[in-house]
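Residues are numbered in the working numbering as their position in the sequence shown, beginning at 1, plus a constant of 1085. We put the CB at the ideal spot given by N, CA and C, even for glycine. The next block holds one structure in the form of structure tokens; read it before the comments.
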Amino acid sequence: MTENPPPFRDPGLPPDKRVDDLLARLTLDERVALLHQFTPAVERLGIAAFRTGQEALHGVAWMGPATVFPQAVGLGATWNDDLLRRVGEAVGTEARAMRTRDDRVGLNLWAPTVNLLRHPLWGRNEEGYAEDPHLTSALAVAYTRGLRGDHPTRWRTAPVLKHWLAHNNETHRDTSNSSVRPRVLHEYDLRAFRAAVEAGAVAGVMPAYNLVNGRPNHVSPHLREQLRRWTDEELLVCSDAGAPSNLVDSEKYFDTHEEAIAAALLAGVDSFTDHGTDSTVTVGRLQRALQLGLLTEADIDAAVRRQLSVRLRLGEFDPDGGPYGTASADDIDTPAHRELALAAAEQAVVLLKNDDGLLPLPEGTRIAVVGLLADECKTDWYSGTLIHRSTVLDGLRERFGADRVVFAEGADRVRLKCAAGWLRVPPPAPSGPSGRAPDATGALDPALLAGRTDLPPLTVCGDLADATEFALVDWGDGAWTLRAADGRYLSVAEDGFVRASADRPGGWVVQETFGLVEHGGGREGGRGGGHRGGLLIKHTGTGGYVSVAAGAVKVAADGELFSVEVLERGEDAVARAAADADAVVVVAGNDPHINGRETQDRTTLALPPHQERLWRAARAANPRTALVLTSSYPYAVADAHAELPALLWTAHGGQAAGTALARVLAGDVSPAGRLPQTWYAADAHLPDLLDYDIIGSRQTYLYADRHAADRRPLYPFGHGLSYSAFTYGNLTAAREGDVVRAAFTVTNTGSFDADEVAQLYVRPPRDAAAGLTLPDRQLVAHRRVHLAAGAACRLEFELPLRDMEFWDVRHDRWALAPGAYELIAGASSEDIRLTAPVDPGGAPVAARPTRRDGLAATGYDTQSGTEIVDRTRTTGDAVRAVGDGTGELLFCDCDFGPGVRGVSVEAAGEGAVDLIAGSTATTVTVPPTGGRYDYAPHGAVFAASGVRDLRVRLRGAVRLARITFTAGGEGEGTA
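Right, dumping it as structure tokens:
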């Protein structure tokens, strides 16, 4: 007689009942064990082991060969929701396929990254989609729908959005505070996450390392106050790696790990990614938190329920594994996936400039393809292992014929000499991999960090004929690489010896970069004519210096002095190749493992000087030069824009990057990528990296002062040219209920069949209320369409009114500003083709009430010299001065009614609060308090009536949470 399966395995029962049944069968120890990233199997119930976290940003990462799509910022440049959905389907399918042969592959995918590309110097710029919340959320919805699948109850994979919340810096990323005023929080940062969650395609989120308003994201009240209110689905919140320990170790926000882990779980974290595969530390902390009464079993059960709900949706408890359980290993690298990778790479190419008819290149063109990235197919930290590889050189040779294409990389050819002799790579070099990828846990394999030790280290020799010639490249910001003739990069292994052992720079700590430092000056080495002498070679990964011991080269605390003999400058080789060509293609950009990546922000928008020299040399030898920027982020290339006839940009395009670029250069495909973020003209136009107030500092296209001639962007948000031409016509717009319906016609008037990316913006009224700065224009819809030459199509849009709302800090609610709105249709945020007025029916913004609840300190209209901090460890915000200890807040249109006679400030710290309203002014002194959370009321006489602006000045270390007013004699006097 066969025993009936337990209810949790019955797919005919409602999901809640199945989860209830399984939860009831688990012991407390088993439930606690489920809260670590690596959950053990429960063999008595037939429950398999599970892990959260499988990287899948633009393909399945770290688990071996997979289809590699363009970087996320490149996918953002396609502006194509349908493409992103299909890429998501392919990635989700390959994750399922990989799992059929390796059960270490997880189905809880940590992707996509929806952090907004607010600041182009952010090291992880490559991971996001756009600086705009509408575009980011639209693409995130599409990608997660593809990952999730279209079955009503079962999921192909369970995507998790990264990184909650307001995370745009790697510098001090675990201790820095993002001061985010309520309007920026609601209108910008939260908006990017919300649509994907509401669409029902997201299994959860991952909190970021940083603090927001003084409180670590892993104890953010917004997880329960915002995220979990957006959907009825159970959402799984997975911590970032090591972040639970950071709460005590680096952030020092809690005194003990038991307090920290309890606070994180109560805030909403359900899975703790900490201490790699060793779950004992996390489990022990949770058990002690239970014993101390910091947590209850009900708290544990709430988190476990969310985990079980996700596993149920993945079909794990179904007898047949669910509808996606039949994936085959043959579903990896299919012809359809290869075609999709090529299409994505083609659609990501942005034509920035095209003058003098240089592009497309006609048949028979003799092409010089030059530059440090011309024969490279770069991957990044979150790439899968390439099955196919296509460089620009490969693509152009295939497209135009090998005999029509010449190549010059542009690296400097050098020899290195110290007192003991010339550096030499001992032959022969055994073949083999330079290191292994991170293992299936997602943790770094030590071999990737340490490099190979099975190859002989460099030696020195006295005979110049035996000296090794190296390719020396300056990647900028003090990072140089040295490559031997066999293509291997110099790398430093854990034993400290220097070897020519790496296929490419890589690893969590890159071991293949060096700095050339002038002896005694501490400066990066200069670039002389044919010789550089007196240089120390500093190894970036260890901080040591290259030295020689017993004839072998290694890294030590003290280094040798080297001279660099330059055999050929890279620009000379480039100029020679360019001179005899009909056209030159310079391929410049970044290596995603060197400058600008996770853990490392950039310091400048400038193209590295080495690459600047190369395009200038090509231009001097041949005016018909196009610059292709292949990079993870924008550059400030104003000189190149002024001097070169053609510029293009693409993110690192994955396995088909070279073929795609060649097809665009040849005109087989008309470029239609659009910039997903503003390209600034100079570093001086950027705000501070840690300034998250996009309104006050006028960041992104939303608030940038585009009318200031000295601050105009080099290329605006949404910019991108075509080989064809398009006209826009007949824009109509009208409100119908809770939406605005808009439509316009796009016609391809050129001679190329081509895509066009039509963009629709709304411009809100300029004077809706005193102190209210609304976006200059805001993207509300977009559509990428393909049109044959001469064809036209009518595009129709339904625009929810809520997408036009702002967060009214006066009343803590969404509101629609009153006044005349304008719909703007065009080919970029600056290339405006049509406008039409529309009245969405906004209501007047009422004056700010003061009598009932007073004023929250964070509800200001403008500020200077302040930051928002935590009111308590769990909830609430306050404001304090930064810098010189003086800051100011402005509250416009405060309604004091018939009159108030007293004021009280709820504050902690020590200092003074000055309040000025018209001719009325008073100072409230805040005496020293016991700690940062010891808030108390302190009052003074304050007489005001009617509607007027209130200016509040903070002096000293005072932390202001709220201002309240009293009528008559109530509260008069000072405390």
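In the DSSP assignment, the residues bridged to V1640 are V1631.
Secondary structure note for R1701: its alpha helix (DSSP H) is the uninterrupted segment P1694 to A1706. The DSSP-derived three-state label of S1330 is helix. The region 1792 to 1806 makes no contact with the region 1873 to 1886; the number of CB pairs closer than 8 Å stays below 3. In this structure, H1271 is the residue among H1271, F2027, P1244 and R1241 with its C-alpha nearest to the C-alpha of L1250. In the three-state reduction of the DSSP assignment, G1173 falls in the helix class, which pools H, G and I. Counting along the chain, L1371 sits inside the alpha helix (DSSP H) bounded by residues T1365 to Q1376. Residue environment for Q1139: buried (at least 16 other C-beta atoms within 10 angstroms of its C-beta). Pairing A1585 with A1433, the inter-Cα distance amounts to about 35 Å. For the pair F1123 and V1558, the Cα-to-Cα distance works out to about 42 Å. If you draw a straight line from the Cα of D1823 to the Cα of V1923, it comes to about 13 Å. In the structure shown, H1896 adopts coil according to DSSP, grouped into three states.
For D1441, the number of other beta carbons within 10 angstroms of its own is below 16, and it is reported as exposed. Apart from sequence neighbours up to five positions away, the residues of its chain that approach Y1273 with a beta-carbon distance below 7 Å are L1201, P1218 and I1779, ordered along the chain.
Here the alpha carbons of V1333 and T1341 stand approximately 6 Å from one another. Just measuring C-alpha positions, the residue of S1576, C1503 and T1566 sitting nearest G1536 is S1576. Taking the Cα positions, A1742 is about 6 Å away from A1430. Your pair L1206 and R1687 checks out as a contact, with CB atoms roughly 4 Å apart and the cut at 8 Å. Taking C-alpha positions only, L1111 is separated from N1254 by approximately 41 Å. In the DSSP secondary-structure assignment, Y1813 is bridged to V1831.
Around the beta carbon of W1899, a 10 Å sphere encloses fewer than 16 other beta carbons of the protein chains shown; the residue is thus reported as exposed. Judged by their CB atoms, S1717 and H1695 are not nearer to each other than the 8 Å cut-off. Annotated three-state conformation of R1986 is strand, per DSSP.
When DSSP states are grouped into helix, strand and coil, E1650 belongs to the strand group. Relative to L1857, the option among T1625, E1890 and H1871 whose CA is nearest is E1890.
About 6 Å separates the Cβ atoms of G1177 and G1231, confirming a contact at the 8 Å cut-off. Taking a C-beta distance under 8 Å as the contact criterion, A1180 and H1422 do not qualify as a contact pair.
For H1422, the enclosing alpha helix (DSSP H) covers residues P1420 to Q1432.
With the rule of 3 Cβ pairs closer than 8 Å, the region 1581 to 1598 counts as touching the region 1624 to 1639. Within 10 angstroms of the beta-carbon of R1300 lie 16 or more other beta-carbons, which makes it buried.
Boundaries of the alpha helix (DSSP H) harbouring L1107: P1100 to R1110, taken from the DSSP string. Fewer than three beta-carbon pairs drawn from the region 1973 to 1983 and the region 2007 to 2021 are found closer than 8 Å, and the two stretches are therefore not classed as touching. By a beta-carbon distance limit of 8 Å, L1975 contacts R2036. Their separation comes to about 6 Å. The straight-line gap separating the alpha-carbon atoms of G1581 and G1149 is approximately 28 Å.
Where L1250 is concerned, there is no enclosing alpha helix (DSSP H), because DSSP gives it neither an H nor an E. Counting C-beta pairs closer than 8 Å gives three or more between the region 1501 to 1512 and the region 1638 to 1647, which meets the contact rule.
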